[in-house]
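Position 223 of the sequence shown, counting from 1, maps to 222 under numbering that gives the first Met the number 0, and the rest follow consecutively. For reference, the structure discussed in these notes is given below.
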Amino acid sequence: MITLKILGCGGGMPMINRFLSSTLIHYQGKKILLDCGEGTQVAMRNNKTGFKNIDIICITHLHGDHIFGLPGLLSTMGNSGRTLPVTIIGCIGIRDAVKGLLSTIAYLPFELIIIENPKNPLSITHSSHRLVVEEYSIVNEAEIILNILELDHSSSCMGFRFDIIRKAQFNPEKAIALNIPKQFWSTLQKGQTVSYDNKVYEPNMVLENKRKGLKISYITDTRPIEAISDFIKGSTLFICEGTYGDDADLKKAIKNKHMTFSEAAGLAKSGEVKELLLTHFSTAIENAEIYKSFADDVFENTVIAYDGFVKKLSYKH
């Protein structure tokens, strides 16, 4: 099961009752943070999420409402006993931005691994007590495949899609019938070929059909470009910005390179996603629920995010 928590659903400037953009994904005891707006660590403390087990931080772009919380959070992680490396994935300029933001911090007790503007999918796997990020290859046993899309905003901005792999089920009866020694079962279950006693055993000899996994797409700060629909296709959950609720604000959305609720819903519909979660609300929106009908008229299965919102995703979705 995957648990997702919205730490902050605000855009632009912080508000008393709404933190800036930040979303936390809980995966098998580890955490992946999506964006880190100002006050993110306070939101985390309010939600009792803990700091130590954040292995990956994905930054969509370098505007302050998505990155200004980073230095404080990293410092607190260090003070919480974090010693394992932390991977930061971001757009063009992320390396220099992190260096500048951390200029007042004399020391961090962990290594920062920065992946800037990746052009190819990345694989995420468990290794040495943390989640490790590498360039994806079909020979790698990825648990999560992270896909990236260049968006259309006023600065370089990236969208993310997490394809969470569900392993094919191992059939021990087939393995026994083929007289495959038990010490090789785990290797075959990982999708690797085994050679033993002048025989070659392929994974498909003992694995059932592939099982459907989960897809979480995260798109924020962009106009609704055509490429997004294909990128989010069939997502279990589509987290999307809804900076402007009312269709009357379309001109503002175009000027500032954001989206209205109905535009986000249009992407959800064309992308055939299962559920749309709207977030990143303008400071002009005090109650986003008031504008929900603009999205519902286009895509019925729409949910309005709020700070502290929790979504649990299981493979039964």
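Beta carbons: idealized from backbone N, C-alpha and C, even for Gly. A quick note: this is a predicted structure, and the numbers were derived from the prediction, not measured.
When you compare only the Cα positions, how much space is there between residue i and residue j?
i	j	result
SER313	ASN300	17 Å
ASP296	GLU262	11 Å
THR48	CYS35	14 Å
LYS254	LYS166	45 Å
TYR290	THR221	19 Å
ASN52	ILE238	23 Å
GLY7	GLY38	9 Å
VAL302	LYS311	14 Å
VAL309	LYS4	5 Å
ASP193	TYR200	In the sequence as displayed, the identity of residue 193 is Val instead of Asp. Approximately 5 Å between the Cα atoms of the pair.
ASN208	MET0	20 Å
ARG44	SER228	35 Å
GLN168	LEU177	17 Å
ALA287	LEU276	12 Å
ASP151	GLU285	26 Å
ASP196	ILE143	34 Å
GLY71	LEU100	9 Å
ASN146	ASN116	12 Å
ASN119	SER155	17 Å
LEU83	ASP54	8 Å
ALA317	ASN46	Examination of residue 317 is not possible in this model, given that the chain is present from 0 through 316 alone.
ILE93	GLU274	30 Å
HIS257	ALA174	54 Å
LYS315	ASN170	21 Å
ASN203	SER136	19 Å
PHE260	THR219	12 Å
LYS250	ILE104	42 Å
PHE298	GLU271	10 Å
LYS189	GLU140	7 Å
ARG81	ASN16	30 Å
LYS24	TYR243	The residue asked about is misnamed: residue 24 is Ile in this sequence, not Lys. Whole-angstrom Cα-Cα distance: 25 Å.
PHE109	ARG210	37 Å
PHE67	THR278	18 Å
ALA283	GLU225	28 Å
GLU240	GLY233	18 Å
PHE18	VAL205	49 Å
SER79	SER21	20 Å
ALA292	ALA267	The sequence given here places Ser at residue 292; Ala does not occur at that position. For SER292 and ALA267, the distance between alpha carbons rounds to 15 Å.
LEU32	CYS57	6 Å
ALA294	ALA264	5 Å
Can you tell me which residues form a DSSP beta bridge with residue i?
i	result
VAL97	Bridge partners of VAL97: none, in fact.
SER218	Here residue 218 is Ile; the residue named in the question, Ser, does not match the sequence. Per DSSP, CYS239.
ASN146	ARG160
THR186	Paired residue(s): none; THR186 is not in a bridge.
MET14	ARG17
HIS125	LEU130
PHE169	LEU206
THR22	ILE5 and LEU33
SER194	VAL199
ILE88	CYS57 and ILE114
Shorter than 8 Å from the beta carbon of residue i to some beta carbon of chain B?
i	result
CYS156	Included in the structure is just one protein chain, with no chain B present.
Following the continuous beta strand (DSSP E) through residue i, name the residue where it begins and the one where it ends.
i	result
GLY233	Careful: GLY233 lies outside any beta strand (DSSP E) and carries neither H nor E.
ILE253	Note, ILE253: premise wrong, no beta strand (DSSP E); alpha helix (DSSP H) at 249-255.
ILE303	301-303
GLU115	111-115
LEU107	No beta strand (DSSP E) contains LEU107, which DSSP labels as neither H nor E.
LEU177	No beta strand (DSSP E) contains LEU177, which DSSP labels as neither H nor E.
TYR200	198-200
LYS310	309-312
For the alpha helix (DSSP H) holding residue i, just list the boundary residues, first then last.
i	result
LYS268	260-269
ILE224	From DSSP, ILE224 is part of no alpha helix (DSSP H); its letter is neither H nor E.
Exercise. Report yes or no: do the region 157-164 and the region 208-219 share at least 3 C-beta pairs separated by less than 8 Å?
Key: At 8 Å Cβ cutoff, the stretches touch.
Self-check item: Cβ contact check for the region 180-191 and the region 82-100: 3 or more pairs under 8 Å
Solution: Cβ pair count under 8 Å is below three, so no.
Quiz item: Taking the runs of the alpha helix (DSSP H) that are 4 residues or longer, which of them lie wholly in the region 32-85?
Solution: If one requires a minimum length of 4 residues, the alpha helix (DSSP H) runs lying completely within the region 32-85 are 39-45, 63-66 and 69-78, in chain order.
Self-check item: Length-filtered (4 minimum) alpha helix (DSSP H) runs lying within the region 271-303
Solution: Within the region 271-303, the runs of alpha helix (DSSP H) that reach at least 4 residues and sit entirely inside it are, in chain order, 291-295.
Quiz item: Can we say the region 119-130 touches the region 56-69, given the rule of at least three CB pairs closer than 8 Å?
Solution: Between the region 119-130 and the region 56-69, the count of Cβ pairs shorter than 8 Å is below three; the stretches do not touch.
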